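**Student:** In the numbering used here, the protein residues as written are 27 to 443. Here a beta-carbon is modelled for each residue, glycine too, at the ideal position from N, C-alpha and C. All values derive from a computational prediction rather than experimental measurement. The structure that follows is given in the form of structure tokens.
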């Protein structure tokens, strides 16, 4: 309804969202590409992680300061430059979420020049492995590993031999890359779960909407098929009473009885349909649905209403006809009789039903042109469309149209296994 308030969308990951990274909480975040104009808001967890990474870079840098000071052949100016670059690299760690690729690339030459920037370089490499695809990580990690032997050749570690220093540096780089890729794969798994849940919710909403639409269409067809037959009887007999006030008393009584009976049946059918709408169980409430066996009763009602109807029934075992097929055949004949009563009053209608298991069930209804002028009768014009839909849903087909004698014919085939 128009006065209802929109239902808020549930969170993507319900629970303690502050424990999750902002990349998982942002529904529009792309884990493979940066978004320069838009960054997700940091969660408390992000602040804790960023501050921890900053402290880790500073701690590793402070450990490297002693090594720099113990290098015998290092000029004092170079040692000062090393420490200044290390401090700037640690401060640049706070930019790792905004520019992970740029920071990681910049750290390769900085770490080659500055020993105290090693901690910031590891943090930048880890961030790159978490936030970007492996092709970026491979290039940066390969460049870093390639420069490692040259770095320790120019600036050997006084406490560790050259082979061990190169090996440990390469091993540490591989461990950082592996750890970052593990974190990235875990996040991608969670994002895939989020997308899958979204698709499932969307598909469920579409299925529910489609089911509601199909239910409305089915109920509309049922109301049209059921009520049109009854109300047409009412219209025909009420029109006869209106245009023939001098009719014999017996004919007036008979017409009034048909009007009363038709009105009662229409109300009963309408009550059943409303009950089905409320209960949602079309097969468990109300009177049983008509089948092919009720076709004789339908023809008798039409004859009592003054129609000329010929029923040509060639199905010997009517009980063997499937319930759904028989109901569809009944509705087709009912709608055709209703249309003939409205558009060709006084014409003789022929209803032919034939078929056998394996061959299918055929329903044919034909009426010639009306013998006189046809008074205008209101109608929705959806009857034949509904019949075609019924036959198609049952797995059959239906053809209709004018014939050479000026009449109208409807022919339907329904599967009967």
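Closer than 6 Å by C-beta to residue 132: which residues in its own chain qualify, once you throw out the five before and the five after it? Chain order, please.
**Tutor:** Cβ neighbours of residue 132 beyond the five flanking positions: none.
**Student:** Going along the chain, which residues of its own chain have a beta-carbon closer than 8 Å to the beta-carbon of residue 336, five neighbours each way excluded?
**Tutor:** These residues qualify, in order along the chain: 374, 375, 376 and 377.
**Student:** I need the straight-line Cα distance from residue 380 to residue 341, nearest angstrom please.
**Tutor:** Between residue 380 and residue 341, the C-alpha separation is close to 5 Å.
**Student:** Can you tell me which of 279, 260, 264 and 207 puts its alpha carbon nearest to the alpha carbon of residue 292?
**Tutor:** Residue 292 has its Cα closest to that of 260, out of 279, 260, 264 and 207.
**Student:** For residue 310, name the three-state secondary structure that DSSP assigns.
**Tutor:** With a pLDDT of 44 at residue 310, under the threshold of 50, the modelled position of this residue cannot be trusted; read the value that follows with caution. Three-state result, residue 310: coil.
**Student:** Taking the DSSP output, what are the residues bridged to residue 339?
**Tutor:** In the DSSP output, where bridge partners are listed per residue, residue 339 has 379.
**Student:** Mind checking residue 67: buried by the 16 CB within 10 Å criterion, or exposed?
**Tutor:** So residue 67 ends up on the exposed side.
**Student:** Pull up the distance between the alpha-carbon of residue 338 and that of residue 236, whole angstroms please.
**Tutor:** Rounded to the nearest angstrom, the two C-alpha atoms are 40 Å apart.
**Student:** For residue 410, collect the residues of the same chain with a Cβ closer than 7 Å to its Cβ; drop the 5 residues on either side in sequence, then sort them by chain order.
**Tutor:** For residue 410, where only same-chain residues beyond five positions count, the Cβ hits under 7 Å are 426.
**Student:** Can you pull the DSSP bridge partners for residue 371?
**Tutor:** For residue 371, which the question treats as bridged, DSSP gives no partner whatsoever.
**Student:** With DSSP as the reference, label residue 397 as helix, strand or coil.
**Tutor:** Looking at residue 397 - three-state DSSP - the assignment turns out to be coil, as it is neither helix nor strand.
**Student:** Nearest-angstrom Cα distance between residue 297 and residue 389?
**Tutor:** If I take the Cα positions, the gap works out to 29 Å.
**Student:** What does the alpha-carbon distance come out to for the pair residue 347 and residue 438?
**Tutor:** If I take the Cα positions, the gap works out to 15 Å.
**Student:** Taking 7 Å as the limit between beta carbons, can you name the residues of its chain near residue 344, skipping five residues before and five after?
**Tutor:** Hits under 7 Å: 318 and 319.
**Student:** Using 8 Å for Cβ pairs, my map puts residue 149 next to residue 155. What's the rounded Cβ distance?
**Tutor:** No, residue 149 and residue 155 are not in contact; Cβ-Cβ is about 11 Å, not under 8 Å.
**Student:** Report the rounded CA-to-CA distance for residue 90 versus residue 220, giving the unit in angstroms.
**Tutor:** Distance between the alpha carbons of residue 90 and residue 220: 43 Å.
**Student:** Around the C-beta of residue 210, are 16 or more other C-beta atoms found within 10 angstroms, so that it is buried, or is it exposed?
**Tutor:** With 16 or more Cβ atoms within 10 Å of its Cβ, residue 210 is classed as buried.
**Student:** Rounding to the nearest angstrom, what Cα-Cα distance links residue 431 and residue 392 in this structure?
**Tutor:** One C-alpha to the other measures close to 11 Å.
**Student:** Just to confirm, is the Cβ distance from residue 108 to residue 94 under 7 Å?
**Tutor:** Taking 7 Å as the Cβ cut-off, residue 108 and residue 94 qualify as a contacting pair.
**Student:** What is the DSSP secondary structure of residue 436, reduced to helix, strand or coil?
**Tutor:** Here residue 436 sits in strand by DSSP.
**Student:** Nearest-angstrom Cα distance between residue 351 and residue 442?
**Tutor:** If I take the Cα positions, the gap works out to 7 Å.
**Student:** What did DSSP end up calling residue 388 once you bin it into helix, strand or coil?
**Tutor:** The answer is strand: DSSP assigns residue 388 an E or B state.
**Student:** Indicate the three-state DSSP secondary structure (helix, strand or coil) for residue 215 in the structure shown.
**Tutor:** Residue state, collapsed to three classes: helix.
**Student:** Which residue spans inside the segment 145-185 form an unbroken alpha helix (DSSP H) run of at least 4?
**Tutor:** Those alpha helix (DSSP H) runs which fall completely within the segment 145-185 and span 4+ residues are 160-180.
**Student:** Which of the three DSSP states is assigned to residue 271 in this structure?
**Tutor:** In this structure, residue 271 counts as coil in the three-state DSSP scheme.
**Student:** Less than 7 Å between the beta carbons of residue 364 and residue 258, yes or no?
**Tutor:** Closer than 7 Å, so yes.
**Student:** In this structure, how does DSSP classify residue 206 when only helix, strand and coil are distinguished?
**Tutor:** Residue 206 falls in the helix class under three-state DSSP.
**Student:** With which residues is residue 425 paired in a DSSP beta bridge?
**Tutor:** 437.
**Student:** May I have the straight-line CA-CA distance separating residue 271 from residue 327, to the nearest angstrom?
**Tutor:** About 24 Å.
**Student:** Looking at the structure shown, is residue 413 part of a helix, part of a strand, or coil, going by DSSP?
**Tutor:** Three-state result, residue 413: helix.
**Student:** Span of the alpha helix (DSSP H) holding residue 326?
**Tutor:** Residue 326 -> alpha helix (DSSP H) spans 321-330.
**Student:** Could you give the distance in angstroms between the alpha-carbon of residue 287 and the alpha-carbon of residue 435?
**Tutor:** Between residue 287 and residue 435, the C-alpha separation is close to 29 Å.
**Student:** Quick check on the DSSP output: the alpha helix (DSSP H) that includes residue 133 runs from which residue to which?
**Tutor:** Looking at the DSSP string, the run of the alpha helix (DSSP H) that includes residue 133 is 126-139.
**Student:** Name the residue from 152, 142, 140 and 92 whose alpha carbon lies nearest to the alpha carbon of residue 79.
**Tutor:** The shortest Cα separation from residue 79 among 152, 142, 140 and 92 belongs to 152.
**Student:** Might you give, ordered along the chain, the residues of its own chain that have their beta carbon closer than 8 Å to the beta carbon of residue 139, omitting 5 neighbours on each side?
**Tutor:** The answer, listed in chain order, is 107, 108 and 111.
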